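Residue numbers for the sequence shown follow numbering that gives the first Met the number 0, beginning at 0 and rising by one. A virtual CB, placed ideally from N, CA and C, is assigned to each residue, including glycine. For clarity, every value in this text was computed on a predicted model and none was experimentally measured.
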Amino acid sequence: MEQHRSTKSTVSRIGRMVVKTVLFIFLFFLLIVALILIPPVQNLLRKKAVSYLEHTLNTKVSIGKIYIGLPKKVVIEDVYLEDTQKDTLLTAGSLKADIALFKLLKGEVDINSIELKNSTVKIKRELPDTIFNFQFIVDAFSPSKTTNKSSTD
């Protein structure tokens with residue numbers, strides 16, 4: 000009789016631990032989602048994005064404000080991007096994107112629509128060079144090609 004009671008209490012204890020763990024993970028996820036919607040956290044994300052883009056592109060990047068509305072809406076205001084010759088490549092008053100944010104966590108980019116307001120894009124290609132002035136962006140975010148050169152002696 001006593002052995003039956005201890006087995007029952009062990010099973011109920013394990014069940015309570017599993018329920019508490021699942022509840023903790025769910026509440027932690029909700030906290031992260033709630034934090035992303037708070038303006039100071041979005042300002043921190045804006046600063047991190049500007050820093051990352053400036054470091055990756057080696058040009059001046061400026062973003063006035065980022066608003067993230069889950070699950071699909073991202074609004075970026077007052078965008079400025081220079082090309083490698085320190086000339087203006089893009090200025091935008093507002094850039095709205097309908098993007099699947101949860102797919103970004105998996106490494107997939109799924110953009111449904113992009114809307115630009117009050118924007119100017121200066122794309123140029125000076126001859127005889129056939130490269131556009133935005134090619135550095137494509138090169139910065141494309142996967143690096145690894146070449147295996149074998150020398151024959």
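Quick one: is residue i buried, meaning 16 or more other Cβ sit within 10 Å of its Cβ, or exposed?
i           : result
residue 89  : buried
residue 24  : exposed
residue 130 : exposed
residue 120 : exposed
residue 26  : exposed
residue 80  : buried
residue 30  : exposed
Nearest to residue i by alpha carbon, out of the options?
i           : options              : result
residue 71  : 50, 110, 99 and 83   : 99
residue 113 : 123, 104, 91 and 32  : 91
residue 116 : 101, 96, 106 and 135 : 96
residue 46  : 36, 64 and 105       : 64
Please confirm whether residue i and residue j have their CB atoms less than 9 angstroms apart.
i          : j          : result
residue 58 : residue 83 : yes
residue 94 : residue 75 : yes
residue 67 : residue 77 : no
What are the partner residues of residue i, as DSSP defines its beta bridges?
i           : result
residue 115 : 94
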